[in-house]
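Heads up, the thing below is written out as structure tokens.
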Amino acid sequence: MFNQKLKAEIASLQAELAQYKRASDNLKQDLLHWQLSSDSTIQVCGSKNESVLGSRAGRAVGEPFISLVANHEHKSKSFRNLSDAINNHRHWSGSINLKAEDSHASVQLIVQPHYSAKGGV
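In the numbering used here, the protein residues as written are 45 to 165.
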């Protein structure tokens, strides 16, 4: 009896997790998306990035994320808050200008750290 309840709970949690994974995959396709290492280096650059920011975005893997931020933003409060959130692995959302092929693009960013089962970022 107890074992059946655990099996049912596991099945329910697996179904819920599958829904979250589908939603996450859809968001990654429709929004600008980067995955950063713990030292803020870009590990994954989403496919939508190139169409919005130009070919530079496709070459961003291996670069620090901050290198995508428009130079005129580097002294702004938004930039300081963004940098602080990335460096301290905290949630943050706000508007910032990123470098684009021939100009810059104003985007709404969300920084959301993801932790492993072992607690690391």
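Backbone N, C-alpha and C fix where the C-beta goes; we use that ideal spot for every residue, glycine too.
Euclidean distance between Cα positions of residue i and residue j
{"i": "residue 79", "j": "residue 48", "result": "38 Å"}
{"i": "residue 64", "j": "residue 70", "result": "10 Å"}
{"i": "residue 147", "j": "residue 55", "result": "49 Å"}
{"i": "residue 85", "j": "residue 110", "result": "9 Å"}
{"i": "residue 83", "j": "residue 127", "result": "11 Å"}
{"i": "residue 137", "j": "residue 120", "result": "15 Å"}
{"i": "residue 159", "j": "residue 61", "result": "16 Å"}
{"i": "residue 124", "j": "residue 117", "result": "9 Å"}
{"i": "residue 129", "j": "residue 74", "result": "23 Å"}
Within 9 Å, strictly: CB atoms of residue i and residue j
{"i": "residue 90", "j": "residue 112", "result": "no"}
{"i": "residue 105", "j": "residue 134", "result": "no"}
{"i": "residue 88", "j": "residue 151", "result": "no"}
Counted within 10 angstroms of its Cβ, other Cβ atoms place residue i as buried (16 or more) or exposed
{"i": "residue 115", "result": "exposed"}
{"i": "residue 59", "result": "exposed"}
{"i": "residue 145", "result": "exposed"}
{"i": "residue 46", "result": "exposed"}
{"i": "residue 131", "result": "exposed"}
{"i": "residue 53", "result": "exposed"}
{"i": "residue 50", "result": "exposed"}
DSSP-derived helix/strand/coil call for residue i
{"i": "residue 57", "result": "helix"}
{"i": "residue 62", "result": "helix"}
{"i": "residue 151", "result": "strand"}
{"i": "residue 141", "result": "strand"}
What are the uninterrupted segments assigned as alpha helix (DSSP H) that are 4 or more residues long and contained completely in the stretch 64 to 98, given in chain order?
91 to 97
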